[in-house]
Structures are given as C-alpha cells and as structure tokens.
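Novice: Protein chains in written order, with UniProt numbering: chain A, 1 to 358; chain B, 1 to 358.
Glycine is no exception: its CB is placed at the ideal position from the N, C-alpha and C atoms.
All values derive from a computational prediction rather than experimental measurement.
Quick one: structure below, then a few questions.
2 protein chains.
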Amino acid sequence: MKTLELDLGEKSYPIYIGQGLLDQEKLLTNHIAGKQVMIVTNTTVAPLYLEQVKSLLGSLNVAQVVLPDGEQYKTLDTVNLIFDALLENRFDRSCTLIALGGGVVGDMTGFAAASYQRGVSFIQIPTTLLSQVDSSVGGKTGVNHPLGKNMIGAFHQPKCVLIDVDTLDTLDDRQYAAGMAEVIKYGLLGNADFLTFLQDNIQNLMRRNKDLIIQSVYQSCTDKANIVAQDELESGKRALLNLGHTFGHAIENTLGYGVFLHGEAISVGMLMAAKLSQLAGDLSHQDVDQVQDLLEKSNLPISVDGKISASEFLSAMSVDKKVIDGNIRLILMKKLGEAYLSDYYQKEQLDQVIGDFC
Amino acid sequence: MKTLELDLGEKSYPIYIGQGLLDQEKLLTNHIAGKQVMIVTNTTVAPLYLEQVKSLLGSLNVAQVVLPDGEQYKTLDTVNLIFDALLENRFDRSCTLIALGGGVVGDMTGFAAASYQRGVSFIQIPTTLLSQVDSSVGGKTGVNHPLGKNMIGAFHQPKCVLIDVDTLDTLDDRQYAAGMAEVIKYGLLGNADFLTFLQDNIQNLMRRNKDLIIQSVYQSCTDKANIVAQDELESGKRALLNLGHTFGHAIENTLGYGVFLHGEAISVGMLMAAKLSQLAGDLSHQDVDQVQDLLEKSNLPISVDGKISASEFLSAMSVDKKVIDGNIRLILMKKLGEAYLSDYYQKEQLDQVIGDFC
Chain A
1 MKTLELDLGE KSYPIYIGQG LLDQEKLLTN HIAGKQVMIV TNTTVAPLYL
51 EQVKSLLGSL NVAQVVLPDG EQYKTLDTVN LIFDALLENR FDRSCTLIAL
101 GGGVVGDMTG FAAASYQRGV SFIQIPTTLL SQVDSSVGGK TGVNHPLGKN
151 MIGAFHQPKC VLIDVDTLDT LDDRQYAAGM AEVIKYGLLG NADFLTFLQD
201 NIQNLMRRNK DLIIQSVYQS CTDKANIVAQ DELESGKRAL LNLGHTFGHA
251 IENTLGYGVF LHGEAISVGM LMAAKLSQLA GDLSHQDVDQ VQDLLEKSNL
301 PISVDGKISA SEFLSAMSVD KKVIDGNIRL ILMKKLGEAY LSDYYQKEQL
351 DQVIGDFC
Chain B
1 MKTLELDLGE KSYPIYIGQG LLDQEKLLTN HIAGKQVMIV TNTTVAPLYL
51 EQVKSLLGSL NVAQVVLPDG EQYKTLDTVN LIFDALLENR FDRSCTLIAL
101 GGGVVGDMTG FAAASYQRGV SFIQIPTTLL SQVDSSVGGK TGVNHPLGKN
151 MIGAFHQPKC VLIDVDTLDT LDDRQYAAGM AEVIKYGLLG NADFLTFLQD
201 NIQNLMRRNK DLIIQSVYQS CTDKANIVAQ DELESGKRAL LNLGHTFGHA
251 IENTLGYGVF LHGEAISVGM LMAAKLSQLA GDLSHQDVDQ VQDLLEKSNL
301 PISVDGKISA SEFLSAMSVD KKVIDGNIRL ILMKKLGEAY LSDYYQKEQL
351 DQVIGDFC
C-alpha cells in the first residue's frame, strides 16, 4: 500500500492506494470519530461492495442509502435522498458519511456532508478509475443544475480517501477508458515525465496491469494533492486541473448526460485545448498528434462526431464556472506537460477549433 | 450610524446600524467587488424596499429574484429558484448576492451564496427586528427539511450587514414582538446589565422608540459578534446563542411553520429553559417570574397552550442539531445573564417542564 498526505493544515488527510484495502478494518475505522455511519452508494456498486464495507464497521450504528446510478441523477433532488436517510435515522452532527462509488456518488455525498447540519465528516471510497485519480481527492463537491454542470456545491475535504484498485476489476471497459482521460490530463498539464510513462505503457495500462495502475493512480493523486495543497479554493493554480473541462462540460451540457461519459468529454476537450494551443503557436503539429495518439490508444473519442453545432457549443461554453465577468477562461498548453490559464487567446482561433471538432 | 466589526480574520466584516442607511450608496457598493448583483427578496419586502436598494446600484448589472414569503418556503426547492435566476442571468463566480428581507430570506440567500459555484459573495440587509439582531450576523445559513429545522446549510459569512432600523416602520406588531424575543435572549444568556436595560425600557421599546431600538440592536449584535468571533463554527460557546432554541424548534417542527413565529417559539423555549434551570436549583422562582414578566410585556407567548402533547414535544426535541450521539444538549441558566451548555440535567425534570408547558 502507498500512502499520500494531502497537506491542508488542520484539514490534511491521507490517501491510501493499493490492493485489498477493503479488507483492512482499521484503515477505515481510524477515520471515524462518532458512532453513526451512513454509507452512500448506488444501485450498481451496492451489490458489489456494500456488504464488504459494512463488514468493516462492526460495532458502529451503520445505515445506508442506495442512489440511482448515473450523471443524470447528480441533482439536488438526489442529494435530498441522503438528507432524508440521515434524518430518518436521526443522525446528528457527530455522524460520518462514506461515499462508496464513482465520482457522482462522491460529489453528492461530499455535498451532503458539507451541508448536513452545516457540515459533518465524510470519507471517500472511490470505485472507478476516474474518481480514484481525480474527483475523490481535493474536496470539490456538488451537483449539476439543468443550466450547468457542478454549479451547486461546496469545498469540503474528506477525512481520508481509500483507493482499492481491486474495485476496478468490476469496472467496464468504457468507464475504465474514461478514467484514463483524467490520468492523461495530469501528464499534459504539468508532468512531462509522467506523460512519457503513459505513452510507453498505455497498452499494458489498457490491459489493466495492476502495478501500472497503482503507479498511475499514485502519480495522478500526488500531482493533484500538490496542486490542491497550494490552492485549495481554486483562486489560482488549481484551475489547471480543469484542462479540457470547459470544452468537456459544454459537450456534456449540450448532449445531456450519458451520451458522452465525463472522461470521454474531457478527452475531446483536451484535444481541443491542444489544437487551440497549436493555433496560438505553442504546441507543434507533432505535439497535437501525440496527444491524439495517446487518447486513441486509450479508446477515447477525439471529436463530438457531428452531434453538436458550433454555435450550440460556444453558447454552452459561456456558462462555465471558468467564466469571469463574461470572459471564457481556458486552460491551454505552453508545451506538453505545462498548462496555463489563458484569457488572451484569439476568439477567431477558438471559433476555428470549435468548427473543426463539431 | 454605529459600526461594529465582527472579527474573523480574513472573513471579518462590518455591521452598520442606524437610520436612513438605505439612502447611502457607498455603504453598500463599497462591499461589492464584481459587476453582477442579484437581489434576493420576497413578495412582502419587494414592494417596500426593492426599488430603493436597486437605485443604489446604478452602474452594476442588477437582477432580482422575488421569493414567496414565509418560513414554510425555507426549503431546498426555494433556494433552487435563486440558482435558476443566477444561471438564467449567467452570473459567474464574481457575482454578489444581496439578501433583502427577514431571516428566511437571509438564511436562504446565504446558503445559495455558499453553494453557487462553490461559494460567491453576499450581503445582508435585514428588514425585520429578528434578523437585525440575530440571523443576519454570524454566517449561519440554511434551509429546513420536513424532518427538522435548519438541517441543511453552511457557515458562510457575508461581506457586510447593513441594518437600517427605519425598515422596522413597515413591520407588523406580531413580527416586531417576535424579534424582541431574540433581543431578550442576549440579556438572559450573557448580559445581566442589558437584561436590566430591557426590563427598564420594555414599554418604550414596544412603542418603537428609535433610539432605544438602535441601542438594543447594537447591544445584541455586539454580544453576538463577540461570541461568534470566539467560536465561528459552534464547537463551543456559540451554542449559548441557542438558548430556548431546542425547545422552540420542537414547537415549530411539531405545529408546522406559521402557527408560532420563530421568535414566539423561542419565547416559550426560553421560559422552559428558565423553568428547568429553576428545577435544577440555579434560578429562583422570582427569576423565572421576571423572565415571564418581560416576555409578557413584549406581547410574547409563554406556553404552547395545549397545542402539543408532551410526548410529541419530546420526540420533536430529539432531532435537534444539539443532539450528540443521541443525548439532547440544552442551554440552561446558572443565573439571569449567565447561560451554559448542559448534558447533565435530570431527565425527569425535563419531562416535568414539558408537561407543565404542554
């Protein structure tokens, strides 16, 4: 097992990464202060891992809430199901919520924990590659609104993140590939060595070699933890983690959830960011080809395939959280492995990229 | 005008108290950083003060959302109306929300500001006595759940609190009296001198003498600001501000909102706390009579008048946020002007008090 510490002063917490972690009782119970535990999971994950997690919590007062599965349920109404369960069980401020599932479960559980009685503890047990390398770490929580993704939420840090890569055994290939998009993101935005590692090992990673997965998850979480420790509330550097996301959110918002998985939309978005970086004179044609090649080897999409018009795309981009006083801020790349926040790209070049991909 | 500073480090903010403050543009605009301003108010307050506040915001991009009026609308669904308005107007992270109204508007606007895009700025302009002396100061925000009051929320501090006591001219007598309950609370929980001042001046306060009102609002906010500065997140001393509230919430939850106003329920709750403090041997019979006399002179109720059974009352109390691991914590009084948090009262004495008041 590898352990990372996300350094946030009093809010610091460990991230455990390895195999067989869901068999280790103390790893989990050491981070539970009170007696009341609510496990939040979904209809897909519950049959696979709920009993296993419950078996670790022997003497505690454990309840559960099983949510419908899917990004389309990442809403205030679904979070309200968690509040219902907490209140029906008369859980108080000393309770702990456990998010058992992918990013959607983690984001909603975290927001419920941030808001229940103005804040209770929670623990992340991410069971998808995407949530293991990205959403479970860093304390961003929230839900979608019909007019925009992740528009309602809170910064609320978990007490620990417990990443058992064995849970990936039950993840389907499409979801696995979608997670790989966020892994690749860390290479592109700030770690050229890791990008090379991924290029060298992508075939074996896609064959789910466990050692390579652990290395990749560990490196992704390390890079993310370093950035979050410097900028918890995203007033600066943390925005780099949104590489591809303003484009990607526009795809998800326009097509509705489920047509593109989040990681698939981010895949297209990262390639669009690379292309705009090329037009801005920073990346070479070869660089963009390298990005495209890595995404294709990860079985990820590289265009929206005619499903969205350019004008729809641009309109959807303008409600992103990265918009400040009406200006769309984008994460672009100076070179592969070095991203930056740009307000100064040329509007015509953005239009050209959107035209090329739509 | 009197100005108080609530000292919370980087989150510190001023509280302005006086007459004619809604005519002073800079007082408000000095605390607005971006260009987008959403005024949140309700159907009662909008016709009275919305245009006046808008007229202070000349060059800014101002939008408004007018909510239904009443505690029964203090729900996630109503907060969602604020999110709808923010997104329909494409407001971004740099926007500021202004809560213009009573405690319900303030609590919901604050929670919307805490949650919109994971946190934006907001300003409190409380227009009821209750919100001026209590809910607008200190950053507690939130909504009710069918199973409990204020169960969903966040700690989120405003940029300033602007208290124009002239807005009390349009407040009806029942609402005014309900606000007086929270004023009296500050005397009872920690300020014997202020309690004497209130006893000496209650008739003229109920006749709405403006100088006495300003003094009372100022003293209440000073006492609250001092407590909040010591314990922002209610891990200790701040709990004293809940004097009468665990009883009061039980009344509101059992009868539904509107039968008792919040301040009316708190009035009964404070007298119940005084009675239990007497049974515990701390207050004298005369002390309790004094409390009752002051509440009666403020035209506040002193019992639930047969509307709730003792068993209903006790059951409703056990879902309060002050319950820790199943134990109901209560704020009691050592003497008039000195409250404390008690886990150790006798269960039979609590039953007796509930019996007496039901």
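1) Run the CB neighbour count on L241/A, radius 10 Å, all protein chains shown included, and call it buried at 16 or more, exposed below.
2) For the beta strand (DSSP E) that S342/A lies in, which residues bound it at each end?
3) Closer than 8 Å, CB to CB, is N80/A near chain B or not?
4) Could you pull the start and end residues of the alpha helix (DSSP H) that F357/B belongs to?
5) Applying a beta-carbon distance threshold of less than 9 Å, which residues of chain B neighbour S12/A?
6) Thinking C-alpha only, which one of S216/B, C160/B and G153/B is nearest F122/B?
7) Check this for me: beta carbons of G102/B and P126/B, under 8 Å apart or not?
8) Would you decide whether Y344/B is buried or exposed? Buried here means 16 or more other CB atoms lie within 10 Å of its CB.
9) With 16 other CB atoms within 10 Å as the buried threshold, where does N30/A fall?
10) Do the segment 192-212 of chain A and the segment 290-301 of chain A make contact, defined as three or more Cβ pairs closer than 8 Å?
11) What is the C-beta distance between residue 375/B and L130/B, in whole angstroms, given that I count them as a contact (C-beta under 8 Å)?
12) Three-state secondary structure (DSSP) at M1/B?
13) Output yes if chain B places a C-beta closer than 8 Å to the C-beta of L147/A; else output no.
14) Among the candidates L212/B, T44/B, M270/B and S318/B, whose CA atom is the shortest distance from the CA of L300/B?
15) Determine, using beta-carbon pairs with one atom in the segment 51-58 of chain A and one in the segment 21-28 of chain A, whether at least three such pairs fall under 8 Å.
16) For Q36/A, which beta-bridge partners are listed by DSSP?
17) Use the C-beta contact count for D164/A: other C-beta atoms within 10 angstroms, 16 or more gives buried, fewer gives exposed.
18) For L233/A, does the count of other Cβ atoms within 10 angstroms reach 16, so buried, or fall short, so exposed?
19) Using the rule of at least 16 other Cβ atoms within 10 Å of the residue's Cβ for burial, across every protein chain shown, is G277/B buried or exposed?
20) Give the range of the alpha helix (DSSP H) segment to which L314/A is assigned.
21) G148/B: which of M1/B, H249/B and T222/B sits nearest, CA to CA?
22) Using only alpha-carbon positions, find the residue among L205/A, G70/A and I227/A that is nearest to E5/A.
23) When the Cβ atoms of the segment 197-215 of chain A are set against those of the segment 56-65 of chain A, are three or more pairs found closer than 8 Å?
24) Count the CB pairs spanning the segment 202-219 of chain A and the segment 109-124 of chain A that are closer than 8 Å, and state whether there are at least three.
25) Let's see if you can read the secondary structure: which residues bound the beta strand (DSSP E) around I15/A?
26) Thinking just about the alpha-carbon of each residue, which of G106/B, T246/B, G110/B and L255/B is nearest to the one in Q132/B?
27) What did DSSP end up calling F194/B once you bin it into helix, strand or coil?
28) Compute the distance between the beta-carbons of Y176/B and S220/B, then report whether it is under 8 Å.
29) Tell me whether the beta-carbon of L76/A lies closer than 8 Å to the beta-carbon of I184/A.
30) Could you tell me the distance, in whole angstroms, from the CA atom of D84/A to the CA atom of V65/A?
31) With 8 Å as the threshold, decide whether the Cβ of I331/B is near any Cβ in chain A.
32) In chain A, which residues lie with their C-beta within 8 Å of the C-beta of Y116/B?
33) Who are S121/B's beta bridge partners in DSSP?
34) Determine, using beta carbons only, whether G355/A comes closer than 8 Å to chain B.
35) Do you know offhand how far K307/A's Cα is from V288/A's?
36) Counting only C-beta atoms, is E71/B closer than 8 Å to chain A at any point?
Specialist: According to the data block:
1) Within the first sequence, numbered from 1, the residue matching residue 241/A stands at position 241. It is buried - the Cβ of L241/A has at least 16 other Cβ atoms within 10 Å.
2) If you number the first sequence from 1, residue 342/A lands on position 342. For S342/A, the uninterrupted beta strand (DSSP E) run begins and ends at E338 to S342, by DSSP.
3) As a first step, residue 80/A is located in the first sequence; it is residue number 80 there, counting from the start. Flagged as an interface residue toward chain B: N80/A, by a C-beta distance shorter than 8 Å.
4) The count along the second sequence starts at 1 and reaches residue 357/B at position 357. Looking at the DSSP string, the run of the alpha helix (DSSP H) that includes F357/B is K347 to F357.
5) Locating residue 12/A in the first sequence gives position 12, where the first residue counts as 1. Listed along the chain, the chain B residues whose CB falls inside 9 Å of the CB of S12/A amount to none; the nearest CB is some 18 Å away.
6) Along the second sequence, one-based indexing puts residue 122/B at 122. Of S216/B, C160/B and G153/B, the residue nearest in Cα terms is C160/B.
7) Residue numbering aside, residue 102/B sits at position 102 when the second sequence is read from its first letter. Residue numbering aside, residue 126/B sits at position 126 when the second sequence is read from its first letter. Their beta carbons are under 8 Å apart, which means G102/B touches P126/B by this criterion.
8) The residue you call residue 344/B lines up with position 344 of the second sequence. Exposed, by the Cβ-count rule.
9) Indexing the first sequence from 1 puts residue 30/A at position 30. So N30/A counts as exposed.
10) Output reads yes: the segment 290-301 of chain A touches the segment 192-212 of chain A.
11) Nothing in the structure corresponds to residue 375/B, since chain B is present only between 1 and 358.
12) For the purposes of this step, residue 1/B is taken as the residue at position 1 of the second sequence. In the structure shown, M1/B sits in coil (DSSP, three-state: anything other than H, G, I, E or B).
13) Taking the first sequence and counting its residues from 1, the one referred to as residue 147/A is at position 147. Interface criterion met: the Cβ of L147/A is under 8 Å from a Cβ in chain B.
14) Along the second sequence, one-based indexing puts residue 300/B at 300. Ranking the options by Cα distance to L300/B, first place goes to M270/B.
15) Enough Cβ pairs lie closer than 8 Å, so yes.
16) Counting from one through the first sequence, the residue named residue 36/A turns up at place 36. Under DSSP, Q36/A shares a beta bridge with N61/A.
17) Counted from its first residue, the first sequence places residue 164/A at position 164. Per the 10 Å Cβ criterion, buried.
18) Numbered from its first residue, the first sequence carries residue 233/A at position 233. Burial is judged here by how many other beta carbons sit within 10 angstroms of a residue's own beta carbon; L233/A has fewer than 16 and is exposed.
19) Translated into the one-based positions of the second sequence, residue 277/B becomes position 277. According to the sequence provided, residue 277/B is Ser. The question's Gly does not apply to it. Buried, since its Cβ has 16 or more Cβ neighbours within 10 Å.
20) Here residue 314/A is taken as the residue at index 314 of the first sequence, counted from 1. Counting along the chain, L314/A sits inside the alpha helix (DSSP H) bounded by residues A310 to M317.
21) By 1-based counting over the second sequence, the position of residue 148/B is 148. It is H249/B whose Cα lies nearest to the Cα of G148/B.
22) In the first sequence, counting from the first residue as 1, residue 5/A sits at position 5. Considering only alpha carbons, the answer is I227/A.
23) Because the criterion of three Cβ pairs below 8 Å is not met, the segment 197-215 of chain A and the segment 56-65 of chain A do not touch.
24) With the rule of 3 Cβ pairs closer than 8 Å, the segment 202-219 of chain A does not count as touching the segment 109-124 of chain A.
25) In the first sequence, residue 15/A corresponds to position 15, counting from 1. Boundaries of the beta strand (DSSP E) harbouring I15/A: Y13 to G18, taken from the DSSP string.
26) Position 132 of the second sequence holds residue 132/B. Restricting attention to G106/B, T246/B, G110/B and L255/B, the CA atom closest to the CA of Q132/B is found in G106/B.
27) Walking along the second sequence from the start, residue 194/B turns up at place 194. Three-state DSSP puts F194/B in a helix.
28) Start at 1 with the first residue of the second sequence, and residue 176/B comes out as number 176. Start at 1 with the first residue of the second sequence, and residue 220/B comes out as number 220. Result no, Cβ atoms of Y176/B and S220/B do not sit closer than 8 Å.
29) Locating residue 76/A in the first sequence gives position 76, counting from the first residue. Locating residue 184/A in the first sequence gives position 184, counting from the first residue. Going by C-beta atoms, L76/A is not nearer than 8 Å to I184/A.
30) Within the first sequence, the letter at position 84 stands for residue 84/A. Within the first sequence, the letter at position 65 stands for residue 65/A. Approximately 9 Å, taken between the alpha carbons.
31) Translated into positions along the second sequence, residue 331/B becomes position 331. No, no contact with chain A.
32) The residue you call residue 116/B lines up with position 116 of the second sequence. The contacting residues are M151 and I152.
33) Position 121 of the second sequence holds residue 121/B. Note: S121/B is bridge-paired with T96/B in the DSSP secondary-structure output.
34) Taking the first sequence and counting its residues from 1, one reaches residue 355/A at position 355. It does not: the Cβ of G355/A has no partner Cβ on chain B nearer than 8 Å.
35) Within the first sequence, the letter at position 307 stands for residue 307/A. Within the first sequence, the letter at position 288 stands for residue 288/A. One C-alpha to the other measures close to 23 Å.
36) Position 71 of the second sequence, counted from the first residue, corresponds to residue 71/B. No, no contact with chain A.
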